[in-house]
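This report refers to the structure that appears directly beneath it.
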Amino acid sequence: MDDIGFILASWLITLGSIGVLAFVTLRRARQLAEHVPDEAKPWL
Amino acid sequence: MVSRSTGTTTTRVIGIAAIAVLAWVVVSAFFITPADFQQGESVRIMYAHVPAAWIAYLAFITTGITSGISLARRHRTLGFDRVAGASAEVGVLFMGLALITGSLWGRLTWGTFWQWDPRLTTTLFLFVTYVGYLAVRNIDGDPHRRAKRSAILALLAVLEIPLVHFSVVLWRSLHQEASVLNPDGDVRLDDMMLFTLFSGVVGFTLVFVWMVIHRQRLATLRDLQQGVGLDAAIAARRNEGAAIAGGGQ
Amino acid sequence: MQPVTTNDTAIRLNDAVVALGGFPALAGASVSVGRGELVALRGANGTGKSTLLRLCAGLVPLTRGSAQVFDVNLADDRASVRRHVGLLGHRNGLYDELTSRENVEFTARLVGAHTRDVEDALARLRIDSRVASTRTRALSAGQRRRTALASLVVRRAQLWLLDEPHAGLDAAARDELDVILLEATSSGATVLYTTHETDRPGRAVPRTLLLAGGVVASDSPRQS
Amino acid sequence: MKQALVVARKDLLVEFRARLLLVRVIPFALLVLVLFAVALDSEPLILRAASGLVWLTMLFSTLLLVQRTYDVETQDAALEVLLTSAVEPVNVFFGKLFAAFVQLLVLSVLLVFGAIVLYGATVSGSNVVLLVTIVVSAAWGLASVGTLYGAVVANMNGRDSLLALLALPVLAPLLIGASRATEAAFGSQTIDTASGWAWVALLAVFAVVFSAAGAAAFGALMEPEA
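Quick mapping for you: the protein sequence lines, in order, are chains A, B, C and D.
Numbers 1 to 44, taken from my numbering, label the letters of the first sequence in order.
Numbers 45 to 293, taken from my numbering, label the letters of the second sequence in order.
Numbers 294 to 517, taken from my numbering, label the letters of the third sequence in order.
Numbers 518 to 743, taken from my numbering, label the letters of the fourth sequence in order.
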């Protein structure tokens with residue numbers, strides 16, 4: 001059945017790109033957070 | 045010891061909840077919900093597609109509102125601007141996903157990847173508009189100027205969307221072509237399917253909230269880092285100036 | 294239009310920082326300039342002279358510190374300062390396809406000056422009728438500079454900001470420019486200009502600010 | 518208002534001297550019409566596509582013209598002088614809008630004639646009024662969006678591609694409306710004249726909305742880049 005390929009692709013693309021964006025966001029934030037003093041971070 | 049994370053208890057709770065809900069949605073979408081009597085297995089794409097489209101619109105509404113607030117406030121802090129930007133970034137992601145999953149689903153149900161129906165067409169233009177918005181946002185410059193310019197662009201987009209939508213609706217209706225098979229409308233949903241769809245919306249909303257908080261904090265870090273670097277640069281420049289002035293006398 | 298108040302201070306900078314792409318072009322400049330003053334800005338290349346002018350013109354945002362021009366706080370509102378400013382930047386701001394006269398006329402029409410003022414300004418900057426009717430594209434650097442100065446004269450601004458106005462002018466034009474600037478101050482305008490010129494003998498030296506490293510390093514009052 | 522006319526007059530004088538419209542934009546636009554005909558290679562198809570091709574060509578020509586009108590302002594920093602010369606930004610907006618409108622009007626009239634000559638489109642007597650209204654309102658809409666978004670990117674790097682990315686989605690309703698209305702004016706079988714007038718109403722709303730938005734936003738957008 002052809003459908004299963006399309007269905008799997010939809011889900012993989014969806015979950016995959018959400019995961020990639022989350023990962024990239026966290027990694028970049030870690031890089032930057034080192035250079036900023038804690039007292040300047042409003043969320044701490 | 046400098047904190048290296050942008051996470052807090054709140055975001056961790058949201059993140060874990062998002063993962064848990066999405067895991068349930070995947071399990072339910074693939075194994076628990078039945079195939080549709082008309083569309084067959086392809087209806088399983090719906091549980092990703094519909095929430096993604098829904099969140100994309102939520103994101104752009106958020107961007108519009110926060111941009112308006114950012115512009116209206118006399119003494120501008122950048123908080124609302126950063127939320128507007130973060131929300132647009134997440135919105136573009138989800139709208140891209142909605143378009144991709146939608147066309148895969150369309151291929152299965154309509155037999156074509158794309159139909160020029162009003163909703164799809166409007167969505168596509170909305171997507172391109174916000175890609176442009178992000179392109180302008182990413183140009184370096186003074187953050188306050190960026191905030192003002194992007195807020196104006198976002199409000200112009202709010203103005204543009206009804207015009208685009210109205211014109212494509214009129215465009216299709218005047219042509220009087222056979223009405224397009226509407227995938228979500230034709231699906232007869234049982235309780236389990238509805239609950240899974242609802243879970244998908246909840247799960248993606250959690251992802252949206254988590255992502256906006258984190259990307260907003262990331263934007264804050266970017267602006268702050270520029271400021272931190274600035275202190276050092278100011279000191280260096282003043283020293284250099286003092287040396288020249290002192291040496292000259 | 295925002296009324297120009299009777300306060301005697303035209304420009305007041307306090308620890309003004311202007312960051313351009315992360316670089317502090319002005320690194321905490323403080324200075325106060327009174328109404329009707331003529332001020333020369335000196336300093337090596339890259340010390341922040343042009344940025345100081347552009348800050349006062351409301352063209353670049355203030356990053357830190359405070360800056361007021363005619364009682365307008367530049368941190369809040371840069372746009373309303375611009376109405377009072379006449380600017381001569383590094384570049385002349387001319388339209389290549391228009392003639393020298395048309396360029397000056399354009400400014401004159403915008404500010405509601407008379408045709409007579411255009412002719413006066415052209416005459417003072419010794420732009421003869423042949424040059425005046427040549428497209429600025431075809432003019433020499435000095436002629437273009439003089440056209441831009443003629444536009445500025447027609448403009449009759451409250452605050453004149455000139456970036457290297459003497460550069461590229463011949464000796465006679467430089468002397469005439471000095472007279473024009475002095476006249477402007479005596480009619481109440483405030484004039485700031487940057488210069489690399491060495492002092493010419495027999496000429497009054499205006500108040501001079503020396504910039505170094507993005508700050509005002511010294512401030513020497515007017516000498517007769 | 519007087520200042521707006523001064524700015525418009527200046528823009529038109531510069532364009533008249535540079536003859537950009539005559540030398541580059543009009544040949545470009547007519548060439549596109551010819552190339553479309555060659556590419557489609559079928560007379561009924563060309564006739565059917567004529568109105569869409571005219572307005573698609575107008576869209577791209579607008580981008581060219583708008584880039585040009587802001588190049589003139591930025592190449593010698595004239596924009597900075599304009600900003601610092603007691604001119605209300607809204608007057609600069611309407612001045613530039615009006616100058617762009619005049620040029621686009623000339624161009625669109627030429628393109629409609631081009632479609633009649635090259636594609637064999639026909640306009641019957643009563644449809645002339647419709648066609649004139651379309652051309653005027655669409656040219657005004659193009660000019661207002663172009664002037665507005667041109668200002669957004671005027672001081673940016675890579676502004677040419679950015680202008681297209683920003684302005685083209687906004688212009689989508691105008692493209693649809695003008696194309697369909699012109700189709701009606703060309704006496705198409707699929708669209709009647711009444712529908713054509715409905716589209717003109719959309720074009721008019723579009724022009725008014727973006728003129729007003731531009732007047733409101735232009736001052737804040739006209740910021741020189743540092």
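A virtual CB, placed ideally from N, CA and C, is assigned to each residue, including glycine.
Note that the structure is a prediction, hence the values are computed from the model and not measured.
N-terminal and C-terminal residue of the beta strand (DSSP E) that residue i is part of
i	result
C/Pro317	316-327
C/Trp453	452-455
C/Gly379	378-381
C/Tyr388	Note, C/Tyr388: premise wrong, no beta strand (DSSP E); not H, not E.
C/Arg335	331-335
C/Thr483	483-487
B/Ser294	No answer is possible for residue 294 of chain B: the residues shown for chain B start at 45 and end at 293.
Partner residues on chain B for residue i, Cβ-Cβ distance less than 8 Å
i	result
C/Gly358	By Cβ distance, chain B contributes nothing, its closest Cβ being about 10 Å from C/Gly358, past 8 Å.
Contact set between residue i and chain C, taken where Cβ atoms lie within less than 7 Å
i	result
D/Lys613	Result: empty, since nearest Cβ-Cβ is about 13 Å, beyond 7 Å.
D/Val604	Leu403
B/Arg181	Per Cβ cutoff of 7 Å: no residues; B/Arg181 is ~16 Å from chain C at best.
D/Leu581	Neighbours of D/Leu581 on chain C: none; closest Cβ ~17 Å, over 7 Å.
B/Asp186	Pro354
Within chain B, the residues that residue i reaches when beta carbons sit closer than 9 Å
i	result
D/Arg541	Correct list: empty, because the minimum Cβ distance to chain B is about 26 Å.
C/Gly329	Neighbours of C/Gly329 on chain B: none; closest Cβ ~28 Å, over 9 Å.
Neighbour flag for residue i against chain C, beta carbons, 8 Å
i	result
B/Val189	This sequence places Arg at residue 189 of chain B; Val is not what is there. Closer than 8 Å: yes.
D/Val589	yes
B/Arg261	no
B/Leu274	yes
D/Glu700	no
Distance, residue j Cα to residue i Cα
i	j	result
B/Val253	D/Gly736	34 Å
B/Gly59	B/Met255	9 Å
B/Ala222	B/Arg216	Reliability fails at B/Ala222, whose pLDDT of 40 lies under 50, so the model's placement of it is uncertain and the value that follows must be treated cautiously. Each residue's alpha carbon lies about 10 Å from the other.
B/His243	B/Met237	The question names His, but residue 243 of chain B is Ser in the sequence shown. Their backbone Cα atoms lie some 10 Å apart in a straight line.
B/Leu197	B/Ala103	15 Å
B/Leu141	D/Lys527	48 Å
C/His489	C/Ala360	25 Å
D/Phe703	C/Cys349	57 Å
D/Ala656	D/Phe610	16 Å
D/Gln592	C/Val362	28 Å
B/Thr249	B/Ser72	18 Å
B/Thr54	B/Val246	17 Å
B/Thr167	D/Ala668	26 Å
C/Gly314	B/Gly108	28 Å
Contact with chain B by residue i, beta-carbon distance below 8 Å
i	result
D/Phe630	no
C/Phe531	Not covered by the structure: residue 531 of chain C. The range shown for chain C is 294 to 517.
D/Ala569	Ala is not the amino acid found at residue 569 of chain D; the sequence shown has Gly there. Not an interface residue.
D/Ala594	no
C/Gly315	yes
C/Ala309	no
C/Gly507	yes
C/Ala333	no
Cβ of residue i within 8 Å of any chain A Cβ
i	result
B/Trp98	no
B/Leu294	In the structure as shown, chain B begins at 45 and stops at 293. Residue 294 of chain B is therefore absent and cannot be evaluated.
Proximal residues of chain C, C-beta to C-beta of residue i below 9 Å
i	result
B/Ala116	In chain order: nothing, as chain C lies at least about 15 Å away.
D/Gly736	Ala372
Among the options, the one whose alpha carbon lies nearest that of residue i
i	options	result
D/Leu692	D/Gly667, D/Asn672, D/Leu720	D/Leu720
B/Gly135	B/Thr106, B/Pro206, B/Thr110, B/Phe157	B/Thr106
C/Arg449	C/Val374, C/Gln436, C/Gly405	C/Gly405
B/Thr240	B/Thr165, B/Gly51, B/Phe74, B/Glu284	B/Phe74
D/Leu548	D/Pro561, D/Arg534, D/Leu570	D/Leu570
D/Phe615	D/Ala711, D/Met739, D/Leu530, D/Ser712	D/Leu530
C/Leu319	C/Ser325, C/Arg328, C/Asn307, C/Gly329	C/Asn307
B/Met139	B/Tyr101, B/Trp154, B/Gly112	B/Tyr101
B/Arg126	B/Asn182, B/His93, B/Leu207	B/Asn182
D/Met518	C/Pro458, C/Leu403, C/Gly327	C/Leu403
Chain-ordered neighbours of residue i on chain C, where CB pairs are closer than 8 Å
i	result
D/Leu530	Glu390, Leu391, Glu395
Within-8 Å CB hit, residue i to chain D
i	result
C/Val378	yes
C/Val297	Here C/Val297 scores only 47 on pLDDT, less than 50, and its place in the model should not be relied on; the value that follows carries that caveat. For C/Val297, the answer is no, since every Cβ of chain D falls outside 8 Å of its Cβ.
C/Gly461	no
B/Ser211	yes
Contact list for residue i against chain D, beta-carbon separation under 8 Å
i	result
B/Arg193	Val669, Ala737, Leu738, Glu740
Residue i, enclosing alpha helix (DSSP H) - first and last residue
i	result
D/Val531	519-535
Under 7 Å from the C-beta of residue i: neighbouring residues of chain D
i	result
C/Gly321	Under the 7 Å cutoff, chain D gives no residues; its nearest Cβ is about 18 Å from C/Gly321.
C/Arg375	Leu600, Thr601
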